[in-house]
Structures are given as C-alpha cells and as structure tokens.
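Number of protein chains: 2
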Amino acid sequence: MFYLYLCILNITDMIVKERIEALRETLKHNGVKAFIVPSTDPHMSEYVAPHWEARQWISGFTGSAGTLVVTDIEAGLWTDSRYFLQAGEQLQGTGIDLYKEKLPETPTITDFLKERLTVGDVVGIDGKVFASSTAKEIEKELDNKGIHLKSIDDPFASIWENRPPIPENPVFILPLQYTGESCQEKVARIQELMKADEIDVALITALDEIAWVLNLRGNDVHCNPVFVSYLVIGKSDVILYIDNNKLTPEVKDYLNECQVKVHAYPSFFSDLAQNTQGKVVLADPAYLNFATYNGISPQSRLVERKTYVSLMKAIRNQTEINNLHHAMVKDGVAMVKFLKWLDQDADIYHETEMSVDRQLHAFRAAQADFIGESFDTIAGYGAHGAIVHYEATPETDAPLEPKGFLLLDSGAQYLDGTTDITRTIPLGPLSQEEKEDYTLILKGHIDLAMAVFPERTRGVQLDILARQPIWKHHMNYLHGTGHGVGAFLNVHEGPHSIRMEENPVTLQAGMVVTDEPGIYKAGSHGIRTENILLVVPSGEGMFGNYLKFETITLCPIDKRPIIKELLSDEEINWLNQYHQRVYDLLAPQLDYDERYWLANATSAI
Amino acid sequence: MFYLYLCILNITDMIVKERIEALRETLKHNGVKAFIVPSTDPHMSEYVAPHWEARQWISGFTGSAGTLVVTDIEAGLWTDSRYFLQAGEQLQGTGIDLYKEKLPETPTITDFLKERLTVGDVVGIDGKVFASSTAKEIEKELDNKGIHLKSIDDPFASIWENRPPIPENPVFILPLQYTGESCQEKVARIQELMKADEIDVALITALDEIAWVLNLRGNDVHCNPVFVSYLVIGKSDVILYIDNNKLTPEVKDYLNECQVKVHAYPSFFSDLAQNTQGKVVLADPAYLNFATYNGISPQSRLVERKTYVSLMKAIRNQTEINNLHHAMVKDGVAMVKFLKWLDQDADIYHETEMSVDRQLHAFRAAQADFIGESFDTIAGYGAHGAIVHYEATPETDAPLEPKGFLLLDSGAQYLDGTTDITRTIPLGPLSQEEKEDYTLILKGHIDLAMAVFPERTRGVQLDILARQPIWKHHMNYLHGTGHGVGAFLNVHEGPHSIRMEENPVTLQAGMVVTDEPGIYKAGSHGIRTENILLVVPSGEGMFGNYLKFETITLCPIDKRPIIKELLSDEEINWLNQYHQRVYDLLAPQLDYDERYWLANATSAI
C-alpha cells in the first residue's frame, strides 16, 4: 500500500489575492472583522489530509506549520524559524506579511489583533480546527480588550472550488500478532480506569488514539496510518463515528464482534449533547476541538486531561516490543544495503538528494510487511543539511559530490513497527570543523543512550546528556532531543519526550523515544545522529527501581568522521559494543559482500 | 555578635498530653473540630524565632519540619524522611501518631481530615502562620467534602505560658561597601518595574527580602540575620512595619534619609485594607500569609507572583561578588586551619562531633567580620553521616575514631558574605565501598561544576550532571543538588535552584548556587561534597550567550579516598586546577606549617 504523493503546485500571487478577497466577503456576511486559519484538522493532527489544507490553499505557503490571520485590510502569516526562508519566498507579492515567530520584534497573533481591532469587534475561527485549549486562551486574551471570539462554519466550504473531499480510504484490521492486546481488552482496561475515576464517558478524538484502541489502521493522512473518525467510550458501550464507505464487510464484522457500534462521522456532533447529557465527560483539551467543546451538554461535568490512551499506547507490550525488534532488523538491513550501495556502487556524480531517497525507498520496499515511509525523507546534502526540516523538491534537488556530509533522516512503516533513523554520511573529504561537530554530536548521542535513571524521571532531566558536549563549544539545537514513535502509527507521538521544556510525563519501561542531537550551520553543513531507544529496567537500587535505555535501531554509525581523542573510553566502548550487536543481528540477513562491508563498517575503533 | 543557642529541653509525655487538651478546649470555644499547627511564622520563614515554635512546644517534636493536626479525639504529626527516627522517639507516649510523608500508605493531611470530619465541620488554622497559597489549596480540598476552613486567632496566645515574646533585637545598617547599591536605588528599581507592570503597591513579607531592600540586618532568627517586619512599597512611598524597640537612633535617621516611613509592626494588619483600597497589589503567595491575604481590601486587584525582590537579590552586583570572594578566602583559611588541625594536631580519640565543631567555630571566629554560623553545623561521624540533617546533641555526640568518614557541613555569616561548605573527611582506613562512593560523588560534583549552558537554562536541566555517576550505580539522594545562598543573609534562598523538580527560574550571571551531591547509607556512612558556584558568562555562541560556573568556595577536597581510575581525564584536570587555585589564593594568608600542609593537600593527583 502506498501513500499518495502530494504534488504541490505553485500558485500565483494573483490567485492568492483573489482567494483572500473571497474569504473577506464571507467574513463580512458573518459580521467578522478578522479570521484565523490554522494548519490542523478537527482531530488536531500534526499532518492532515488535503481536505484540511485550507491555510496552504489560500496563502500558497506550503510549510507544515503556520497560521494565517486575515483582517478586512491586512493578512499575516506566523511561522517558525524552520520556514522563515521558504515563507518569505512563497508569500512574496501575495500581500500577506510574514511574521517570524519567537523573534523579539514579532507580535503574537492576539497582540496583533488587539492592536488592530476595537471593543465589540468579532474575531472568527472555525472551531472545528482549533484545539479547545488554544481557542480558550485566545478568547481570554481578546476578551481583555472587549473583542469577541466567534466560532463560525468553515468558510472554505463555499469558496474553495474543487476542494479535496474528506478522505474515504478503507480501514483495515491490525491482527493480534502485531498488537498483542485485543480491542476488547484495551476497552476493558480503559473502562476500568474510567470507573475508578468516576468518568461516565471518554471522548477519544486523536486519530492515533482511536486506531490504537480499535487495532485498526487506515490511510487518510500522508505517512500516518490513521483514519478520520471519533470514538466515544461509555461505561459499557463504545461508538465509532466514521464514514460508512471506509468500512469493508470484514471490518464491519470485526467491529461488531468487538461490540463497537458504528455511526456516521458527522453524527458525532449531532449526538454530542445527548451522549454527554448528565455525564462526567473525559476529553483531552489538546485534541478536543473547540466546536466539540462547545457542543458538550451544559448538563455535564467535563474533566479535561489526557484520556488514558496516550500513556497506554506509549507503553509497549511484549508482543509489540518483539515486533519492533523484527522491524528494526528489516530497517537495518535496508539501511546497510543502502549505505553499502552509496559507499561502493553508486556513481556519486550521478546521484542527487532525491535519487538516493528513491534508492533507499527501493531497499525498504523489498522488506516484508513494508507499508510506506513514516515521513517524507530529509536528504540534505552539504548546506541543505543545515535546514532542519528540509525536503528536497525538484527545484532544490542538489546533485551530490564526493565531499562533505549527506544528512539522511528517514523512516518506514512496517506492519510490525515504525522506524525513524538519521545518519550523517561523509561522501568524501571533510573539514576539521565537520569532523569535530560530528564527534561532539556522537558524544551527546552516546551519553544519552548510556543513561541510567530512577523511575519517575522526566525527559527534561535527561536532555542535557545529549547537549552538554556541544554546549561546551557554545553550540545548540532548538529542536527536541527525543520524541515517542508509534507502533505502526504516527512517527511522532507523546505523551513523553526528551527536551529542554518541562513535560510532567515520566519515562517508563516499555516506552520508545528517539535520541537525536544535531548541529546546523547555515550555508555549511548539518549533522544529526538518531537512533530509537527502548526504556528497559536496569534493576533495583536505592529508593526504588532504576531504568536504562536499550538502543533498538540497528545500523552502523559512520566511523570515518570520528576524532577518537574527543571520545571517552566509556563512549568508545559503547560504540564498539553497539557496532558488534549491529553486526551480529544483521549479518545473518545479508549476502557475503554486504556482510564484508558491514564487518568493516562495524569494526572496533 | 553571637546567636542565642537554643537549649532544647525534652518535655515529658504528660506535659504534651496536657497541652493538647488545653488546645482542644480552645478549639471547642471556637466551634472548631480540628486544628492544624504548621512550623513557620507570619513571614513563611524556613527558620523561625522561638515565639513561633508552637508546633514544637505542644508536641515535643524538635525537628525543623513537621505539621501537627489535632482533632477532638486524635492527634497526628506529619514529617519527612529526615525526621522519621527522631519523631518516632520524641512522640512515643504522647498520644500523637506519626505520619511519614511521601510513603504510599500515608494519607495527606486533607485526606486524613476528610476521612474523619463530615459536612458542616470546621477546620481551624491561625491564618497568620499559613502561606495563602497553602491555605487556599487546603480550603479547596476540604470544600469538596463540605468541610469549612476557618482562620481563628492564635490559640497559643492563651495556652502557652512563658511563651517567648516576638523578638526585639536591634537592627543594624549594612554599609554600601558591602551592598554595592543603596536602599534608595533598590527602591527606585522596584518602583520602576512596578510602574511598567501597572502595580500600585507591593507587599514585601519575606524577611530576607525586606533586609535586602533596606540594606539592614537583624538578629531575630537563629543563624539568619533578619528582623521581624513587613515592608509596603507604594508608587512613591515606602512604609516599614516594625517594633520601635528594634530601631536605634542611627537606624531611625538612616530610614528617614531613605524616605522610609516607620509604623508599628501590628499596624500592618490594621492598615492593610486602607493601604490596598482601590489599588493593584503585588504579593508573593508563597510568602503572603493567609490572614494578610484576607485582610487585603476587596476593592483591589491582587497580582500573585514573585515580588521582583527575590530575583534582584539573587543576582549579585560586582561589589557583592568582590566581597563574597573575600569571605571565601577567610572561610577557606579557617577551613584549612581546621583540616590541618584535625589531620595533624588533634588527638582523634579525645574528639567528638561537638568538640570538632567548637574547634571549627574558633577558627572561623578569628576571621575578620565574622558574625556567627550560617546554620547549625552538621558534624556526622560514621553512621551519623547518613542522617541527612543530623545535628549532634549532648545525647548523640559520637566520639571520633581513626577510621571511616566525618561528614562536616558548615557555614559562616561574615559581613561580606555567607558561606556553606561540606567536606567528607577520612579519619583513617576506609572500605572499598566508602572510597567508591566518595569518588562517584566527587565525579558528579565536578561534572556539574564544569557545566556550560545557554542563557535561559533552568536548574532542573543541569541536575543530572551531579547525579548520573551515582545513578549508574543505582544510588541517589532525595535532597536538591543546589540552592541559592544569601549575601550576608539566609543560607538557603531562591528563587533559583538545581534539583529534580521543575523550577521555571533560569540561572543567570551573578547568581550563586551550591553543588552538593551526596550518598547516605543508613547504619554505615554518609558522603557529601559541597562548594558554592557563581554563574558567570562563558561567551557568545549559537543562538545567544552561554554561561558557566566559577567555583568560589576555596578549600581542598580530600584526595585520599579518591579512586583515580573512576575519574575521567577532564575531571582529574578540573580537580588539579581547582586545587592549584585554592593554594594560590589561600597560601598568602597562612603560616609556613599550614602552607606546607596545604601544598600537600592540593598537590596534583
């Protein structure tokens, strides 16, 4: 099964201007002075189906993150540092001003609105595509100045011609051999927790949470095997709100067996008041959209916190862990075949960022139970490696040369697991600075991988292990160090993380998390080394149990750029032992030449 | 100037029972079913004047932390793990049950009350000795079960015979040569910040904040050079509420020059409504007592957050930093004289924990501008070293022997600065385990001391540097790794910290913080190594400026227990360089024999 590859057409400035005028007309009819267009869908997804790409359709800006604000005379787009350059180019001539987030001179969206609007003015949003937590914050801020926030019907319904429909792709069952726990067992566990907390009904609105509970997968979002739906778990009944076209007879039977009732997707909103009337309702405000929030019966008590599912999903059972190990061997085999090809067989002068990605895809696609990529490959050669979320396009696709680094961040969806791996590959001679940077990033990567910590430790406490080697050289990266990875689900998942910001969720045995420090030097090079770690018990000790990481990604880390003197003995031992394990686990799956290459690539330093 | 040494008399079980009965009588008159007695004063001080030691007076429990709850038929004392043993002994036979905090089986105080009381019952507190933030939390929790929280007049006023009065010790001026910034300048800075935030009046209720703003010091609290008072800073006026007896003519003139009006201490409450009427009022809910909170005019807007002063106070100016360096040389000289004496001159068989403390005191008292200890020395020999907040008493005072470790945590108040240092001193042969533990603690201490980090880094991010070496051996300590230290003020101060818990305050250049990892093995030994670090600029770099630590405590770290193979080259270099600096800065103040001893103690490993 392949994912639709979205071909982004550049639209002209005139078209953008026309579309914004069309939106302004609609707003006038609604008595709305300004309108905010975010980048998400009714389920607060990180990646969305084309139907919900309204912000891109109207502004022409194709980045994954950005919020458009349109007033009667102005339009502005807020985006983060990853997209300053791209947004600057794509917005040129459109009349949309670029607001660079987190710069001291940039106003927040609410400050921008408060400056331009006055008491009694109305700001509109489509409440379906705003997290209730976000909408309530905006509402409160604007309210201070007597400006009202109003949720209106999706204005793009009338102005967006040939809008892609809400996806109707079929849903399929992920068998017990992959999930290790039946839908019935998962629902029973949730209902037990609900009972203990005196919750009558849980609204599950995040698409990956629904897929996990039901042991179903879909194909509605590029690279994310989820399906558009809502799930309502009561004390003894479960209702799935989904478009009937998505359900094969087999899936219908399965849902019937699981005692899951099926209603039409739009009925979720019309049933909402009745489903919640007189109930204690649990929902996660980060995934509950504002329209849903407002549709909950006033005769109910809403408990706003995580819905149990995100934590249950993040803690893998033994079946999932065993499967993930299989997936890692397959992904490692594909990576080794690719790295050997790039090292020995490819004619570098004839390859580009996109061509090597196609080659990597071919190696992965040959593996059993391969479904597709888990995200669009980041293949950044030379200076492109310094663009954190770079995605090569026909316009930017750089030819490779036998020098410098190729940063390659990629991953796959297999039925038995989702992978995410970054290697920074030297294509020829490197500068001393490139070697030093590479070694410092490796040092941080290893220091985190070697961590031992007591139960109840949070990611923020571990984050510095990956950063301290580069902080000592006054360098840093502004992305997180680690994120959760789904089990044949979204490549980014919570609720845990390893980052500089506080996140109260503790790391627990059975969780997986990436370890991906990086350095990005604009115009020169980018380096990142990423493996996936599994949290495993380390044993009992003072004040309780201790945990550690097991690195489950299996792929050599290129030794050629390493300046050995910068590594401690402990770090060198870790690398040698890791490489020995990579060889031992992958060699049986490789032919003689590949084994020979891998033996070299994993020999001790 | 010396602090009064409080001689704690053990009171009998019968007396405790009588006192609790007397309290119950008072409660009946007030229609109160249960009463909570905390350990603090109206200023939420960590250490309090004897007048406010009601919890100790009524329960006989002398630990610094603990909360007593008395119902009509039961009494319970909640305290933390430091005091489980001591409280168990002291409460025996009193009828007061011990509740060990943070154990899974221990109910919280509110859970205890909710189990025993019923709808309509009233729980009493003396609102003056409860932080408003704490009282409001309790109120909310109890309210869920229809139980009311009521603030009543201090019941100990009538039942505590011979209660020590509120202290009336004289206040004195800390000259500009020590503070580096006049009272007028500090007030002007605060008023400027108030203006920017549209604050009309700031209630400064924490005693160390008041002392810092006014450049005054006092002698009301054991080891803490503060004085009992309140400070009210308006847009253009400042009122100090203080007992007139505490003010010498010189201090009165000084306050007059500073344009600080003086009112009687109790008038703070009677003036409160008028002082806040129609105003925007700033107060720190952690230091604002509940009675004050309730006395603020309803015709006001209360802004509850830190009052500017805690952060201003924590960031030292150049004068304070220069002074602190002087204080550190003096304290280092005293410590070196002491360590040499213990090593060469003392007859260990004739010394005890308390006798070495007296000797250390003598060396410190000989230094210029010595005021007293900054806290009661923790001198724990052998197994006593494992009791985290051990304080030797005539009953426990252990004789020393020429083996094992003496853990010595001590500090001094000098006019030019406050010190806090821990050394773990081998008195003779050590076990392999003691040596390993000592080296791992040193490793963590050094790793934190060597940290480099970007601006805006919080203590929680750095904490693991001190813990990772012992976590790798499944050991941990449950206290913080680092706390702020006052400038001739309280030895514990905020708002920053280095600990496992999130604290949003970032580390900033000019702050000082301790670095004190430890290991405590009950019945065997305790180890802690503590220096004070100053946050200093490290230079510009990627995404902004970087900071690092300068170790300002000057005293050799005993090399004899070190297992060199457990230290990295970087750690060994740090230790050797630190020792070189200790020698260079202290040697000029020492005689030949002391210099000779120090040269050995600081020679490279």
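Chains C and S are the protein sequences, given in the same order. Per this note's numbering, residue 531 is the first one in the first sequence, and the count goes up by one each step. Per this note's numbering, residue 531 is the first one in the second sequence, and the count goes up by one each step. Ideal Cβ placement from N, Cα and C applies to all residues, glycine included.
Practice task
List the residues of chain C that S/S1032 touches, going by C-beta distances under 9 Å, in chain order.
Solution key: Counting from 1 along the second sequence, the entry for residue 1032 of chain S is found at position 502. The residue asked about is misnamed: residue 1032 of chain S is Glu in this sequence, not Ser. What S/E1032 touches in chain C: R988, V990, E1032 and P1034.
Problem - is_contact[S/F983, chain C] using C-beta, thresh 7 Å - result: Residue mapping note: residue 983 of chain S aligns to position 453 of the second sequence, counting from 1. Yes, S/F983 counts as interfacial toward chain C.
Problem - Buried or exposed by the 16-neighbour rule on C-beta atoms within 10 Å, applied to C/Y879 - result: One-based indexing of the first sequence puts residue 879 of chain C at position 349. C/Y879 comes out exposed.
Practice task
Please work out which residues of its chain come closer than 8 Å, Cβ to Cβ, to C/P984, disregarding the five sequence neighbours upstream and downstream, and give them in chain order.
Solution key: Start at 1 with the first residue of the first sequence, and residue 984 of chain C comes out as number 454. G1071, F1073, G1074, N1075, Y1076 and L1077.
Exercise for the section: Pull up the DSSP beta-bridge partners for S/E1080, would you. Expected result: For the purposes of this step, residue 1080 of chain S is identified with residue 550 of the second sequence, where counting begins at 1. Partner(s): S/L1064.
Problem - CA-to-CA distance, C/G934 to C/A928, given in whole angstroms - result: As a first step, residue 928 of chain C is located in the first sequence; it is residue number 398 there, counting from the start. As a first step, residue 934 of chain C is located in the first sequence; it is residue number 404 there, counting from the start. Distance between the alpha carbons of C/A928 and C/G934: 13 Å.
Problem - Of the listed residues C/A979, C/F642 and C/I626, nearest to C/K547 (C-alpha basis) - result: Taking the first sequence and counting its residues from 1, one reaches residue 547 of chain C at position 17. C/K547 has its Cα closest to that of C/I626, out of C/A979, C/F642 and C/I626.
Practice task
Specify the secondary structure class of C/D543 as computed by DSSP and reduced to three states.
Solution key: The count along the first sequence starts at 1 and reaches residue 543 of chain C at position 13. The answer is helix: DSSP assigns C/D543 an H, G or I state.
Exercise for the section: Consider the Cβ of S/F1073: report whether some Cβ of chain C lies at a distance smaller than 7 Å. Expected result: As a working mapping, residue 1073 of chain S is identified with position 543 in the second sequence. For S/F1073, the answer is yes, since a Cβ of chain C falls inside 7 Å of its Cβ.
Handout entry: Beta carbon proximity, C/I1028 to chain S, threshold 7 Å
Key = Translated into positions along the first sequence, residue 1028 of chain C becomes position 498. Taking Cβ atoms only, chain S never reaches closer than 7 Å to C/I1028, which makes this a no.
Practice task
Spell out whether any CB of chain S is found under 7 Å from the CB atom of C/I994.
Solution key: For the purposes of this step, residue 994 of chain C is taken as residue 464 along the first sequence, with counting starting at 1. Yes, because at least one Cβ of chain S sits closer than 7 Å to the Cβ of C/I994.
Problem - Cα-Cα separation between C/T601 and C/K776, rounded to whole angstroms - result: Taking the first sequence and counting its residues from 1, one reaches residue 601 of chain C at position 71. Taking the first sequence and counting its residues from 1, one reaches residue 776 of chain C at position 246. Taking the straight line joining both Cα atoms gives about 38 Å.
Exercise for the section: Can you give me the Cβ contacts of C/E857 inside the same chain, cut-off strictly under 7 Å, excluding the 5 residues immediately before and after it? Expected result: Taking the first sequence and counting its residues from 1, one reaches residue 857 of chain C at position 327. First, the amino acid is wrong: residue 857 of chain C is Ala here, not Glu. Closer than 7 Å at the Cβ level, and outside the excluded window around C/A857, lie Y944, D946, G947 and T949.
Practice task
Would you please verify whether the beta carbon of C/M544 is less than 7 Å from any beta carbon of chain S?
Solution key: By one-based count along the first sequence, residue 544 of chain C stands at place 14. Chain S, which has no Cβ nearer than 7 Å to the Cβ of C/M544, makes this no.
Practice task
May I have a chain-ordered list of the alpha helix (DSSP H) segments no shorter than 4 residues that lie completely inside the segment 880-921 of chain S?
Solution key: 883-895
Problem - Rounded Cβ spacing between S/E715 and S/T837 (contact assumed at less than 8 Å) - result: The residue you call residue 715 of chain S lines up with position 185 of the second sequence. The residue you call residue 837 of chain S lines up with position 307 of the second sequence. 17 Å between Cβ atoms; not a contact.
Exercise for the section: Run down chain C in chain order and give the residues with a C-beta less than 9 Å from the C-beta of S/H1004. Expected result: In the second sequence, counting from the first residue as 1, residue 1004 of chain S sits at position 474. Here the neighbours are V982, P984, S1068, G1069, E1070, G1071, M1072, N1075 and Y1076.
Problem - Coil, strand or helix - C/K558 by DSSP - result: In the first sequence, the residue the question calls residue 558 of chain C occupies position 28. Three-state DSSP puts C/K558 in a helix.
Handout entry: Any 3 or more C-beta pairs closer than 8 Å across the segment 737-754 of chain C and the segment 700-719 of chain C
Key = yes
Problem - Cross-chain neighbours of C/L1008 in chain S, by beta carbon under 8 Å - result: Here residue 1008 of chain C corresponds to residue number 478 of the first sequence, with the count starting at 1. Within 8 Å Cβ-Cβ: F1073.
Handout entry: From S/T1044, S/A552 and S/H793, residue whose alpha carbon lies closest to that of S/I1082
Key = Numbered from its first residue, the second sequence carries residue 1082 of chain S at position 552. Taking only the C-alpha atoms, the option nearest S/I1082 is S/T1044.
Practice task
Run down chain C in chain order and give the residues with a C-beta less than 9 Å from the C-beta of S/S1098.
Solution key: As a first step, residue 1098 of chain S must be located in the second sequence, where it is residue number 568. Neighbours of S/S1098 on chain C, chain order: S1098, D1099 and E1100.
Practice task
Could you tell me whether the Cβ of S/W1104 comes closer than 7 Å to any Cβ of chain C?
Solution key: Position 574 of the second sequence holds residue 1104 of chain S. Judged by the 7 Å Cβ criterion, S/W1104 is not in contact with chain C.
Exercise for the section: For C/L854, collect the residues of the same chain with a Cβ closer than 6 Å to its Cβ; drop the 5 residues on either side in sequence, then sort them by chain order. Expected result: Here the question's residue 854 of chain C lines up with position 324 in the first sequence. The residues are G947.
Handout entry: Through-space distance from C/W608 to C/L628, alpha-carbon basis
Key = For the purposes of this step, residue 628 of chain C is taken as the residue at position 98 of the first sequence. For the purposes of this step, residue 608 of chain C is taken as the residue at position 78 of the first sequence. Roughly 6 Å separates the two Cα atoms.
Practice task
Under 8 Å Cβ to Cβ from S/L1128, same chain only, skipping five residues before and after it: list those, please.
Solution key: Walking along the second sequence from the start, residue 1128 of chain S turns up at place 598. So the list reads V866, K870, P1086, V1112, Y1113, L1116, A1117 and L1120, once near-sequence residues are dropped.
Problem - Terminal residues of the beta strand (DSSP E) in which S/D627 lies - result: As a position in the second sequence, residue 627 of chain S is number 97, starting the count at 1. Its beta strand (DSSP E) spans residues D627 to K630.
Practice task
Please list the partners that S/Q1038 has in chain C, where partner means a Cβ-to-Cβ separation under 9 Å.
Solution key: For the purposes of this step, residue 1038 of chain S is identified with residue 508 of the second sequence, where counting begins at 1. Here the premise fails: no neighbours, minimum Cβ distance about 16 Å.
Exercise for the section: May I ask you to report which of helix, strand or coil DSSP gives C/I538? Expected result: On the first sequence, residue 538 of chain C is found 8 positions in, with the first residue counted as 1. Only weak support exists for where C/I538 lies, its pLDDT of 44 falling under 50; the value from the coordinates is given anyway. Note: C/I538 maps to coil in three-state DSSP.
Problem - Whole-angstrom C-beta distance between S/T952 and S/L938, which should lie under 8 Å - result: Indexing the second sequence from 1 puts residue 938 of chain S at position 408. Indexing the second sequence from 1 puts residue 952 of chain S at position 422. Sure, about 7 Å apart at Cβ, within 8 Å.
Practice task
Can you tell me which of the three DSSP states C/P932 falls into?
Solution key: Here residue 932 of chain C refers to the residue found at position 402 of the first sequence. C/P932: coil per DSSP, three-state reduction.
Handout entry: Coil, strand or helix - S/W608 by DSSP
Key = One-based indexing of the second sequence puts residue 608 of chain S at position 78. In the structure shown, S/W608 sits in a strand (DSSP, three-state: E or B).
Exercise for the section: Provide the residue span of the beta strand (DSSP E) that contains C/D1045, from first to last. Expected result: As a first step, residue 1045 of chain C is located in the first sequence; it is residue number 515 there, counting from the start. Where C/D1045 is concerned, the enclosing beta strand (DSSP E) stretches over V1042 to D1045.
Problem - Contact with chain S by C/W690, beta-carbon distance below 7 Å - result: Here residue 690 of chain C corresponds to residue number 160 of the first sequence, with the count starting at 1. Output row for C/W690: interface = no.
Practice task
With a threshold of 16 other CB atoms inside 10 Å of the CB of C/A1123, please say whether the residue is buried or exposed.
Solution key: Working through the first sequence from its first residue, we reach residue 1123 of chain C at position 593. Here residue 1123 of chain C is Asp; the residue named in the question, Ala, does not match the sequence. When all chains shown are included, C/D1123 counts as exposed.
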